[in-house]
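Scroll down for the structure; my scribbles are underneath it.
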Amino acid sequence: MDLEYAPEHEAFRESVRDFLTRWPLNGAEAQRPLEEQEALFRQRGIDAGFVYRGVPKRYGGSEQKSDAIMDRIIREEFYRAGAPGDLANQGAGILVPTLLDFGSEAQKERFVPPALTGAETWCQGYSEPGSGSDLASLQCRARLDGDEWVLNGQKIWTSGAQRAAMMFGLFRTEPDAKKHAGISYLLVPMDRDGIEVRPLREMSGGFEFNEVFFTDVRIPAESIVGERGQGWQVSRATLVHERNLIGNPFLMREAFDDLVQLARTRVRGGRPAIEDPGIRQELALIEGYVRTSEMSDLLQFTAAHRGEMATAMRPMMMNKICSTDTMQRIMKCAYDLLGGDGLLSPLAEELDTWGRTTTSTGWVLQYIFSMGPAIAGGATNIQLNIIGERGYGLPRDLRPPS
Amino acid sequence: MDFGLTEEQRMLQETVRTFALAECPTTRLRELFDDGSGNDPALWAALVKMGVAGLIVHEEHGGAGLELLDLALVAEVFGEAAMPTPFLGHSLAALGVKLAASEEARSRILPQLANGEWTATVALQEGAGDWAPPDWTVRLDGERISGVKNVVMHAGLADHILVGLDGGRLAWVDARSEGVEIVQEDGIDRTRPFATVRFNDARAEVFEGDAGAAEQLVAAAAILLAADAFGAASKLIELDVAHALSREQFGQPIGQFQAIKHMIARLGTEIEPARALWWYGAYAQDHLPEEASRAASMAKAHITERAMGAARESVELHGGYGFTWECEVQIWFKRIMFDRSFLGTPEQHRERCAALAGW
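Here it is as C-alpha cells:
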C-alpha cells in the first residue's frame, strides 16, 4: 500500500495542471457561447492526449496507452479545475463504449466522432410502460421489411428525447424467440416520420423525460448493433457504464463540501448551524459514508489496475446503492438546514440545471432529484437482488418460465 | 499509488486465518463463553510462537518491524474468529512503549513483549466515557501513581500494565506490585474479559513521551477495534447467508424471499465497502500523521456502528434461535458491543471528527 504517486506520475500531474491553466479561456475566445468554449477546450484536451484516451484517433479520440493511474490523475485534475473533459452524457458515456465493443466499422466511423464532441446528442430507449425492472419483457417491435426495420410501439422515461438527434434502444425483433433472445439493439434517428415525443412533467416541475411513440417508423437495416437477438447482451454492457456514471465519489465529496458550507452559513438559535451538536453528528455520520465510498473507489481502482478485479466484485456491485444512499443523506440534511426556506418552489431557470446549485431553491431541487438514482439505471430493489444472488450466492427469486 | 495489500500481508492474514479456523472453532468459543474465563492459554502460546505478540515491535527489539496496517489485518481475522486472547491489550501496550519510552526502556521491555515472556495490557479508559488522553486523571506523585482505570482487558493475565496518566503521559506498572488492585468485572464480551484496576501509590516507571504519543496510541486502538468489528460483522454475514440457505419455510429456503435477501444485501452494503475505511485509517497512522487521528475516529465511529447494526439484524434474521444463548450469533454480537463502546462510542468519535475538521 502506498498512497503517494510515483515521481513519473507526479510529473504527469504537473503537465495536466499546466495544461489546465488554459481553462477558463480568455481574450476573444472567452466571449464565445459557453458551449463553443467547452467544445474548443475539449478538442485541445484530445490533441494534448488527456481526453477520450481509450478511443482510437480515427474515431476522434486521443488513443493513449492504457494507464489507469494517469486516467485517475486526469479525472482528478479536470474535476478540480471544472474543465470540460470526457463528456459524461448518454452518447459519449454509454453509446460510444458500446459501439467500440459491438459496433460495425461503418457505425464507429459515422457515430463515434459526433458523439464525442456532443455535436450529435443521444437518448436511451429502454424502458416501456409495461417493462421497467423486468426490462426484457419489452414489447416495442421492429420488423425487417426489405432493407428497412419498421418500428412500432412506445418507450418511456426517455431523458432528453426532445433534444436528441439519435436514440439507441432495444426492440423486439424476434417475436418467437425466448424473451431475452428476441431483442435487438438499434440506432434510430429521431427526426424520422412516425416518431412522436411527448414530454412528461416531473414532480420537480421540470420537463426532462418523455414518452416516445413509434408508428411505422422506417430505419435502414444496418442500424442494428451486434447480431439480431443479441441486443440484451449489448445493452448489459452499457448498463455497467451507466452505473459507473452514477457511482462517482467525486460528486459525493462535492455535494458534501457544499453541505458543510451550508451548515456554516445557516443559523440556528442565533449561532451557525454547524455548532449545533445534532448537525455535527449528522455531518460526521454522512462523511463516514462519503469517505468509505472514496476509499472503496480507490480499493477497486487498485484491484483493477493489478488485474485482480475478482477480489473487488462485491464492493463494485454495491457502488450504486452506496452513492444513491449517501447523496440522499446529504440532501436530507441540507433540507433540514433550510427550515422554512425549504417550502419554496425551484426557480424556472434552475429546473434546467441538474447539477450543483447552492441557493435554497437549488437545494430543494436537489432534494427532489436525489430520489432519481434510486430508480434510474437499475432500481435499488433490483440492485439488492443482484447483490444477494451474485454477491452472496442466495437462490434466485422464483420467476415464471419465459 | 496502490491501495491494496502486499503478498506478505495476504500471507500473514492467510496464516493467522488458517490457524484460527483450525484451533479456535465455535465449539471451543462456546466452552469459553460458558465457563467465562475468556482466555485459552494454548491459543496465545501458539500465536506468540507465530510472532503475533511482536508484530509492530522493531526488529532490533525482537519483533517483526511491521506497521499498524499489518496489526489491523490480524485484528480483522481475530474479529472473524472472536479470538479469546490478550492480543489487543498486549499489542497496544507494546505500541505505547514503542511510542513513548526511552531507547533504554524500549530495549529492556519490548523484547520481553515480543517473545511473549511477559503479557501486558493497557489501562486507558476511566468512568463511563473518559478515554481520550485529556480526560485521564490518574495522578503521579514522585514515582508513584494513584487513581482508577476501568475496562483493563485481560488484566488477570497481565504481568505489566501501561497506564495513561493525568496530562497524557504513559507509565509502566508491574501488575503484581504493591498498590495495584485488580477487580475482575463480569464483562458482556466473554472473549475479552476485563477488570477495574485501582492504583494506590503504586510504583510506576513514567515514560518520557508526551501527550502526542498517547494520542497516537488511542488512535491506533480505535483502528484495531474498527478492524475487529469489521471482521466480526463479516463473520455474522457469513452466518446469516448460511442460515438463509439452510432454513426452509413455506417450502423454500428463506434466502429466496426478497425480504431476507434484501436484508442480507443491505447488511453487506453497509459493511463490505467499509474495509477501505479502516485500511486507510491504519495506513494513515504510519504515513499520514496529520490525518491519523481523524481517520481513526471516523473508522471507529462508522464501522463499529454499522457492525452493531449488522449484529442486531443478524439476531433477527435467525429468528427465535437467534435470541438464545446457544446460537453462535451472540458471540459476535457481544464482541461488537465491546468494539463499539470501549474507548469512545460512535457519537463521541463523530464529535471528535467534527472538532478536528474545525467545524
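Respectively, the protein sequence lines represent chains A and B. All residue numbers for the first sequence refer to my numbering, where the first residue is 237 and numbers rise by one. All residue numbers for the second sequence refer to my numbering, where the first residue is 327 and numbers rise by one. Ideal Cβ positions, reconstructed from N, Cα and C, are used throughout, including at glycine.
Quick check: the Cα distance between PHE314 (chain A) and GLY321 (chain A), rounded to an integer number of angstroms? By one-based count along the first sequence, residue 314 (chain A) stands at place 78. By one-based count along the first sequence, residue 321 (chain A) stands at place 85. Cα to Cα, PHE314 (chain A) sits roughly 7 Å from GLY321 (chain A).
Looking at the C-beta of TYR647 (chain B), does it have a partner C-beta in chain A at a distance below 8 Å? Position 321 of the second sequence holds residue 647 (chain B). Closer than 8 Å: no.
By the DSSP assignment, the alpha helix (DSSP H) with MET439 (chain A) in it spans what residues? Against the first sequence, residue 439 (chain A) aligns to sequence position 203. Careful: MET439 (chain A) lies outside any alpha helix (DSSP H) and carries neither H nor E.
Please name the residue or residues paired with PHE407 (chain A) in a DSSP beta bridge. Here residue 407 (chain A) is taken as the residue at index 171 of the first sequence, counted from 1. Answer is A:SER420, bridged to PHE407 (chain A).
Closest to GLY613 (chain A) by CA distance: which of A:SER363, A:ALA247, A:TRP358 is it? Within the first sequence, numbered from 1, the residue matching residue 613 (chain A) stands at position 377. Among A:SER363, A:ALA247, A:TRP358, the Cα nearest to that of GLY613 (chain A) is on A:SER363.
Measure the alpha-carbon distance for GLY368 (chain A) versus GLY377 (chain B) and round it to whole angstroms. Counting from 1 along the first sequence, the entry for residue 368 (chain A) is found at position 132. Counting from 1 along the second sequence, the entry for residue 377 (chain B) is found at position 51. Roughly 56 Å between the two C-alpha positions.
Starting from the C-beta of PRO758 (chain B), find all residues in its chain whose C-beta is less than 7 Å away, skip the five residues before and the five after it, and write them out in chain order. Because residue 758 (chain B) is not part of the residues shown, which for chain B are 327 to 685, the question remains open.
Counting C-beta neighbours from all protein chains within 10 Å, is the total for GLU677 (chain B) 16 or more, i.e. buried, or is it exposed? The residue you call residue 677 (chain B) lines up with position 351 of the second sequence. With 16 or more other Cβ atoms within 10 Å, it is buried.
Out of A:ALA548, A:GLU250, A:ALA546, A:TYR525, state which residue places its alpha-carbon closest to the alpha-carbon of ILE629 (chain B). Residue mapping note: residue 629 (chain B) aligns to position 303 of the second sequence, counting from 1. Selected option, being the one with the closest Cα: A:TYR525.
For LEU331 (chain B), the three-state DSSP class (helix, strand or coil): Translated into the one-based positions of the second sequence, residue 331 (chain B) becomes position 5. Here LEU331 (chain B) sits in coil by DSSP.
My guess is that VAL291 (chain A) and LEU336 (chain A) are in contact by the Cβ rule of under 8 Å, so how many angstroms apart are they, rounded? Taking the first residue of the first sequence as 1, we reach residue 291 (chain A) at position 55. Taking the first residue of the first sequence as 1, we reach residue 336 (chain A) at position 100. Confirmed, about 7 Å.
Using a C-beta cutoff of 8 Å, does CYS558 (chain A) count as contacting chain B? In the first sequence, counting from the first residue as 1, residue 558 (chain A) sits at position 322. Chain B contact via Cβ: present.
Taking DSSP's pairing of strands, which residues face LEU239 (chain A) in a bridge? Here the question's residue 239 (chain A) lines up with position 3 in the first sequence. Note: LEU239 (chain A) sits in no beta bridge, so no partner.
By the DSSP assignment, the beta strand (DSSP E) with TRP358 (chain A) in it spans what residues? Translated into the one-based positions of the first sequence, residue 358 (chain A) becomes position 122. Element bounds for TRP358 (chain A): 358-361.
Decide yes or no for the touch test of the stretch 597-612 of chain A against the stretch 330-337 of chain B: beta carbon pairs closer than 8 Å, at least 3 of them. no
Compare the Cα-Cα distances from GLY281 (chain A) to each of A:MET402, A:GLU265, A:SER298 and report the closest residue. Walking along the first sequence from the start, residue 281 (chain A) turns up at place 45. Ranking the options by Cα distance to GLY281 (chain A), first place goes to A:SER298.
Does any CB atom of chain A fall closer than 8 Å to the CB of ILE662 (chain B)? Your numbering for residue 662 (chain B) matches position 336 in the second sequence. Not an interface residue.
Rounded to whole angstroms, how far is the Cβ of SER373 (chain A) from the Cβ of LYS415 (chain A), which I believe are closer than 8 Å? Taking the first sequence and counting its residues from 1, one reaches residue 373 (chain A) at position 137. Taking the first sequence and counting its residues from 1, one reaches residue 415 (chain A) at position 179. Right, the Cβ-Cβ distance comes to about 6 Å (below 8 Å), so this counts as a contact.
Which value, in whole angstroms, describes the spacing of the CA atoms of GLU265 (chain A) and PHE486 (chain A)? Locating residue 265 (chain A) in the first sequence gives position 29, where the first residue counts as 1. Locating residue 486 (chain A) in the first sequence gives position 250, where the first residue counts as 1. Their backbone Cα atoms lie some 29 Å apart in a straight line.
Close beta carbons around LEU358 (chain B), own chain, < 8 Å, minus the five adjacent residues each side: Mapped onto the second sequence, residue 358 (chain B) falls at position 32. Here the set comprises GLY364, ASN365, ASP366, PRO410, ARG516, THR517.
Candidates B:ARG666, B:GLU617, B:VAL383: which alpha carbon is nearest ALA636 (chain B)'s? Translated into the one-based positions of the second sequence, residue 636 (chain B) becomes position 310. Among B:ARG666, B:GLU617, B:VAL383, the Cα nearest to that of ALA636 (chain B) is on B:ARG666.
Kindly indicate which residue of B:PRO437, B:ALA446, B:ASN476, B:ARG465 has the alpha-carbon position closest to the one of GLY453 (chain B). Here residue 453 (chain B) refers to the residue found at position 127 when the second sequence is read from its first residue. For the residues B:PRO437, B:ALA446, B:ASN476, B:ARG465, the minimum Cα distance to GLY453 (chain B) belongs to B:ASN476.
Would you call the stretch 440-459 of chain B and the stretch 578-586 of chain B touching, i.e. three or more CB-CB distances under 8 Å? no
Please confirm if PRO599 (chain B) has its CB atom under 8 Å from at least one CB of chain A. The sequence position of residue 599 (chain B) within the second sequence is 273, counting from 1. It does: the Cβ of PRO599 (chain B) has a partner Cβ on chain A nearer than 8 Å.
According to the Cβ coordinates, are GLU410 (chain A) and GLY354 (chain A) closer than 8 Å? If you number the first sequence from 1, residue 410 (chain A) lands on position 174. If you number the first sequence from 1, residue 354 (chain A) lands on position 118. No, Cβ-Cβ distance for GLU410 (chain A) and GLY354 (chain A) is not below 8 Å.
Comparing C-alpha positions only, which one of A:GLY505, A:ALA491, A:GLY543, A:ALA540 sits nearest to LEU519 (chain A)? Counted from its first residue, the first sequence places residue 519 (chain A) at position 283. When only C-alpha atoms are compared, the closest one is A:ALA491.
If the cut-off is 8 Å on Cβ atoms, which residues from the stretch 563-582 of chain B count as contacting chain A, listed in chain order? ILE563, VAL567, ALA570, LEU571, GLN578, PRO579, GLY581, GLN582
Proximal residues, the stretch 431-442 of chain B versus chain A, C-beta separation under 9 Å: none
Contacts that HIS588 (chain B) makes with chain A (C-beta to C-beta distance below 8 Å): For this step, residue 588 (chain B) is matched to residue 262 along the second sequence. The contacting residues are ASN617, LEU620, ASN621, GLY624.
May I ask you to list, following chain order, the residues of the stretch 390-419 of chain B that have a beta carbon less than 8 Å from some beta carbon of chain A? LEU395
Could you check how far apart the C-beta atoms of GLN360 (chain A) and THR394 (chain A) are, in whole angstroms? I think they sit under 8 Å. Position 124 of the first sequence, counted from the start, is the residue given in the question as residue 360 (chain A). Position 158 of the first sequence, counted from the start, is the residue given in the question as residue 394 (chain A). With a Cβ gap of about 7 Å, GLN360 (chain A) and THR394 (chain A) count as contacting.
Measuring only the C-alpha atoms, how far is GLY648 (chain B) from LEU565 (chain B)? For the purposes of this step, residue 648 (chain B) is taken as the residue at position 322 of the second sequence. For the purposes of this step, residue 565 (chain B) is taken as the residue at position 239 of the second sequence. Approximately 11 Å, taken between the alpha carbons.
Check the Cβ-Cβ distances between CYS653 (chain B) and every residue of chain A, and say whether any is below 8 Å. As a first step, residue 653 (chain B) must be located in the second sequence, where it is residue number 327. Answer no: the Cβ-Cβ gap between CYS653 (chain B) and chain A never drops below 8 Å.
Determine the DSSP secondary structure at ARG632 (chain A), reduced to helix, strand or coil. Indexing the first sequence from 1 puts residue 632 (chain A) at position 396. Coil at ARG632 (chain A), not helix or strand.
Restricting to Cα atoms, I'd like to know which of B:ALA398, B:VAL423, B:ILE662, B:LEU381 is closest to GLY535 (chain B). Taking the first residue of the second sequence as position 1, residue 535 (chain B) is located at position 209. It is B:VAL423 whose Cα lies nearest to the Cα of GLY535 (chain B).
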